[in-house]
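Residue numbers (our numbering): 207 to 420.
All C-beta atoms, glycine included, are put in the ideal place defined by N, C-alpha and C.
Structure record follows, encoded as structure tokens.
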């Protein structure tokens, strides 16, 4: 069993935060499986993920999310529901990496993990909403499989190549900072169009009523 040094622990906390915003249940299952198989020494406060009962639960949710995330439209509903789950889970998982450290380390990790989870979650949810405006499902499936691969890659790099993880994570954060404002403008424009369609008859109806009153 390979012991994790400080660099790997920091990388693991960052990877857990970011990956939780995309595939929370896969994160829980993979970390638990790694600890169960004995490939790396998982931090003490994360070892509960290796319990067979927890592995069964997280494995079941991995399967459920795998299919739910590949259904156009339903994936966005799934993202909305998990807004209140992924972000705090990312904070808790990152803090658990330093569960035996001074409180300042735990708090800093929680802040980092929660922020990274929020960034990845809102980027994923916004991108999926934009992709779902296309009638064909292939782009949705490609995005979903890409996210599956990304989460696995991040966790592997955090444990085996932490410096590479920092580089990849920096690129992902930069991409999110560039993409999020564009996604927000797209969502606002789409909401405005929907609102105009739903209320398109109101002005004419009001004008008709006013004419009748005169």
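Classification of residue i by the beta-carbon crowding that lies within 10 angstroms, buried from 16 upward
| i | result |
| --- | --- |
| residue 236 | buried |
| residue 384 | exposed |
| residue 400 | exposed |
| residue 388 | exposed |
| residue 209 | exposed |
| residue 211 | exposed |
| residue 264 | buried |
| residue 369 | exposed |
| residue 376 | exposed |
| residue 290 | exposed |
| residue 231 | buried |
Reduced DSSP secondary structure (H/G/I, E/B, other) of residue i
| i | result |
| --- | --- |
| residue 304 | coil |
| residue 357 | helix |
Endpoints, the alpha helix (DSSP H) within which residue i is located
| i | result |
| --- | --- |
| residue 448 | With the chain running from 207 to 420 in the structure shown, residue 448 is simply not present. |
| residue 403 | 368-404 |
| residue 258 | 258-274 |
| residue 230 | 212-243 |
| residue 340 | Unbroken run through residue 340: none, as it is neither H nor E. |
| residue 280 | 280-287 |
Rounded separation between residue i and residue j - CA only
| i | j | result |
| --- | --- | --- |
| residue 296 | residue 406 | 42 angstroms |
| residue 243 | residue 354 | 21 angstroms |
| residue 412 | residue 395 | The pLDDT assigned to residue 412 is 45, lower than 50, so where the model puts this residue is not dependable; a value taken from the coordinates is nonetheless given after this. Spanning the two alpha carbons is a distance of roughly 25 angstroms. |
| residue 269 | residue 364 | 24 angstroms |
| residue 371 | residue 278 | 30 angstroms |
| residue 336 | residue 392 | 8 angstroms |
| residue 224 | residue 328 | 11 angstroms |
| residue 323 | residue 404 | 34 angstroms |
| residue 315 | residue 219 | 7 angstroms |
| residue 250 | residue 258 | 16 angstroms |
| residue 283 | residue 378 | 24 angstroms |
| residue 307 | residue 299 | 14 angstroms |
| residue 397 | residue 245 | 48 angstroms |
| residue 348 | residue 356 | 12 angstroms |
| residue 288 | residue 317 | 19 angstroms |
| residue 402 | residue 332 | 21 angstroms |
| residue 234 | residue 260 | 9 angstroms |
| residue 309 | residue 286 | 32 angstroms |
| residue 338 | residue 352 | 16 angstroms |
Close beta carbons around residue i, own chain, < 6 angstroms, minus the five adjacent residues each side
| i | result |
| --- | --- |
| residue 325 | 382 |
| residue 343 | 278 |
| residue 320 | 293, 296 and 297 |
| residue 215 | 303 |
| residue 301 | 312, 315 and 316 |
| residue 256 | 238, 241 and 242 |
| residue 281 | 275 and 334 |
Cβ of residue i within 8 angstroms of any chain D Cβ
| i | result |
| --- | --- |
| residue 384 | Within the model displayed, chain D is absent; a lone protein chain is all it includes. |
Close-in-space but distant-in-sequence residues of the same chain around residue i (CB under 7 angstroms, 5 per side omitted)
| i | result |
| --- | --- |
| residue 305 | 249, 250, 251 and 312 |
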